[in-house]
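Quick note: our numbering has the sequence shown finishing at residue 410, numbered continuously throughout. Idealized CB from N, CA, C, for every residue including glycine. Taking it in order: structure first as structure tokens, then the write-up.
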Amino acid sequence: MSSLPQPSADALKQSERLTELVKREMTAAGGYLSFARYMELALYAPGLGYYSGGARKFGPGGDFITAPELTPLFGQALAGQVQQVMEASAPAVIEVGAGTGLLAADLLLELEHRGCAPESYAILEVSGELRERQFDTLAQKAPHLASRVRWLDRLPETFSGAVVANEVLDVMPVHIMVSRAEGLFERGVALDDAGRLCWADRPASGAPAEATLALNLPTPSSGEYVTEMNLAGRAWITAWAERLQQGALLLVDYGYPGAEYYLPSRSGGTLLCYYRHHAHGDPFLWPGLNDITAFVDFTAMAEAGYEAGLDVLGYTNQAQFLFNCGVLECLARRGPEDKADYVRAARAVQRLTAPHEMGELFKVLALGRGLGQPLLGFSRGDRLHTL
């Protein structure tokens, strides 16, 4: 970890306060926390967690760059799918985890350009710091549309329209499950002899064990097979199914279908941490200052929606989805191909769609109810058969 930039003194103090919070809760729980609970505290503990504290997260000065940070063409293409969903349901959008607000601004401006600006655009955001940034971004980029935007603290009681969640499922707390010859274990968090956070295994039980046993994970004759179980993501989709009257969830994230997620060769799991554009594998380094993520099992998410009564409307990679939604037509609007603006935009589209960049790693899953027509983003190259 010596290659990582060092946090400031204030950031380290915040991390120490979060670590003490984790230790107090661990002591109250008998000396052990599930990794899912630790991840929840590390990311979302009020005022201290990564997403609920004040650290800069997005863009060149943060820890990672998302698609909307690369280019407005991502939102402009996505708007084509959002438009279709709204026309078949209601003129309303809810964006979950809106980052800096750039995607919201891009969507609103493009939908206005298409003559179908939503009557309501709500943002479900847990971070007060990010809410402020989103407000400022919208005031700067789309001031005449900012009055249509409101912020939510929780899921609505009922909703019709389009729900957009870009890189949300990957930061939901996951259980770490370990398959060994002697049985199935859950890997959680404890304290070592020096009082530092460390890994600790115990026999798996309850819902994490039941969900993992249903997968028939590879059981190595020696060593271990480690993977993640995103029960929070399944519960979140189920909660939306209880509320969505008509419309669709558009879920964009990095991940695999189940058949690829649990390959024998993927024995170390997919958990990753990000700090200042450096990826590393130690979730106990500077708690609260790192993003912690796990790849998404899209088969599990689709099954959660289907079992809760939603239609599985489409599944494909990000490249195919964006091409279907007209990203190249949006690019053509940038003007002559020999101009610097066009060249920069074309390079960004390449990053979004190239197989060795984001095009294949990121997938798009659509779940919905009451639409009655095929979705634009999956008109070619739908991979539902792989789920």
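- Task: Can you tell me which of W174, V335, L125 puts its alpha carbon nearest to the alpha carbon of V149?
- Result: For this step, residue 149 is matched to residue 126 along the sequence shown. When only C-alpha atoms are compared, the closest one is W174.
- Message: Please classify K36 as buried or exposed, where buried requires at least 16 neighbouring CB atoms within 10 angstroms.
- Response: Mapped onto the sequence shown, residue 36 falls at position 13. It is exposed - the Cβ of K36 has fewer than 16 other Cβ atoms within 10 Å.
- Query: Between T242 and the rest of its own chain, which residues show a CB-CB distance below 8 angstroms, the 5 nearest in sequence each way excluded?
  - Reply: The sequence position of residue 242 within the sequence shown is 219, counting from 1. Closer than 8 angstroms at Cβ, skipping near neighbours: S202, R203, A204, Y248.
- Message: Would H303 pass as an interface residue toward chain C - the criterion being a Cβ-Cβ separation below 8 angstroms?
- Response: No chain C appears in the structure shown, which is made up of a single protein chain.
- Per DSSP, which residues does W259 bridge with? Please list them. Locating residue 259 in the sequence shown gives position 236, counting from the first residue. DSSP, once it has assigned bridges, lists no residue as partnering W259.
- Query: V194 to D216, Cα distance in whole Å?
  - Reply: Working through the sequence shown from its first residue, we reach residue 194 at position 171. Working through the sequence shown from its first residue, we reach residue 216 at position 193. C-alpha separation (whole angstroms): 30 angstroms.
- Where do the N-terminal and C-terminal ends of the beta strand (DSSP E) with S143 fall, by residue? Here residue 143 corresponds to residue number 120 of the sequence shown, with the count starting at 1. 143–147 is the span of the beta strand (DSSP E), which, as asked, contains S143.
- Message: Cutting at 6 angstroms between CB atoms, please list the residues of its own chain near A113, excluding the five before and the five after it.
- Response: Here residue 113 is taken as the residue at index 90 of the sequence shown, counted from 1. Taken in chain order, the residues that qualify are S183, G184.
- Item | Continuous alpha helix (DSSP H) stretch holding Y365: start and end | Taking the first residue of the sequence shown as 1, we reach residue 365 at position 342. Where Y365 is concerned, the enclosing alpha helix (DSSP H) stretches over 363–376.
- Message: Rounding to the nearest angstrom, what Cα-Cα distance links G358 and Y365 in this structure?
- Response: For the purposes of this step, residue 358 is identified with residue 335 of the sequence shown, where counting begins at 1. For the purposes of this step, residue 365 is identified with residue 342 of the sequence shown, where counting begins at 1. Approximately 6 angstroms, taken between the alpha carbons.
- Look up V191 in the DSSP assignment and say whether it is helix, strand or coil. Taking the first residue of the sequence shown as position 1, residue 191 is located at position 168. Coil, per DSSP.
- Item | Presumed contact (8 angstroms Cβ cut-off) between Y89 and A368, rounded CB distance | Looking up residue 89 in the sequence shown gives position 66. Looking up residue 368 in the sequence shown gives position 345. Just to set this straight, residue 89 is Thr in the shown sequence, not Tyr. Wrong, their Cβ atoms sit about 17 angstroms apart, outside the cutoff.
- Message: Relative to the C-alpha of P287, which candidate in N239, G103, A162, L273 has its C-alpha closest?
- Response: On the sequence shown, residue 287 is found 264 positions in, with the first residue counted as 1. The option with the nearest alpha carbon to P287 is N239.
- Query: From L267 to L333, what distance separates their C-alpha atoms?
  - Reply: By one-based count along the sequence shown, residue 267 stands at place 244. By one-based count along the sequence shown, residue 333 stands at place 310. Approximately 9 angstroms between the Cα atoms of the pair.
- S38 - DSSP class collapsed to helix/strand/coil: To locate residue 38, count along the sequence shown from 1; it is residue 15. The answer is helix: DSSP assigns S38 an H, G or I state.
- Task: Output the boundary residues of the alpha helix (DSSP H) element that contains H136.
- Result: To locate residue 136, count along the sequence shown from 1; it is residue 113. That run of the alpha helix (DSSP H) goes 125–136.
- Would you kindly report the start and end of the unbroken beta strand (DSSP E) that includes C139? Residue 139 sits at position 116 when you count from the first residue of the sequence shown. Segment: none, C139 is in no beta strand (DSSP E) and carries neither H nor E.
- Between the CA atoms of R154 and L71 - distance to the nearest angstrom: In the sequence shown, residue 71 corresponds to position 48, counting from 1. In the sequence shown, residue 154 corresponds to position 131, counting from 1. For L71 and R154, the distance between alpha carbons rounds to 16 angstroms.
- Task: Measuring alpha carbon to alpha carbon, tell me which of R47, G281, V319, A188 ends up nearest G120.
- Result: Taking the first residue of the sequence shown as 1, we reach residue 120 at position 97. Of R47, G281, V319, A188, the residue nearest in Cα terms is A188.
- Do you know whose CA, among G291, N313, W309, F307, lies nearest H300's CA? Along the sequence shown, read from residue 1 onward, the residue named residue 300 stands at position 277. Considering only alpha carbons, the answer is N313.
- Message: Output needed for A34: all residues of its chain with C-beta closer than 6 angstroms, excluding positions within five of it in sequence on either side, in chain order.
- Response: On the sequence shown, position 11 is the one that residue 34 refers to. Once the five neighbours on either side are set aside, the close Cβ partners of A34 are L312.
- Item | Three-way DSSP call (helix, strand, coil) for R225 in this model | Counted from its first residue, the sequence shown places residue 225 at position 202. Note: R225 maps to strand in three-state DSSP.
- Task: Below 8 angstroms on the Cβ atoms is my guess for G337 versus I260; work out the distance and round it to an integer in Å.
- Result: What you label residue 337 is simply residue 314 of the sequence shown in a count that begins at 1. What you label residue 260 is simply residue 237 of the sequence shown in a count that begins at 1. Between I260 and G337 the Cβ distance is about 15 angstroms, and since that is not below 8 angstroms, they are no contact.
- Check R266 in the structure and name its three-state DSSP category. Counting from 1 along the sequence shown, the entry for residue 266 is found at position 243. In this structure, R266 counts as helix in the three-state DSSP scheme.
- Kindly indicate the opening and closing residues of the alpha helix (DSSP H) around G304. As a working note, residue 304 is residue 281 in the sequence shown. From DSSP, G304 is part of no alpha helix (DSSP H); its letter is neither H nor E.
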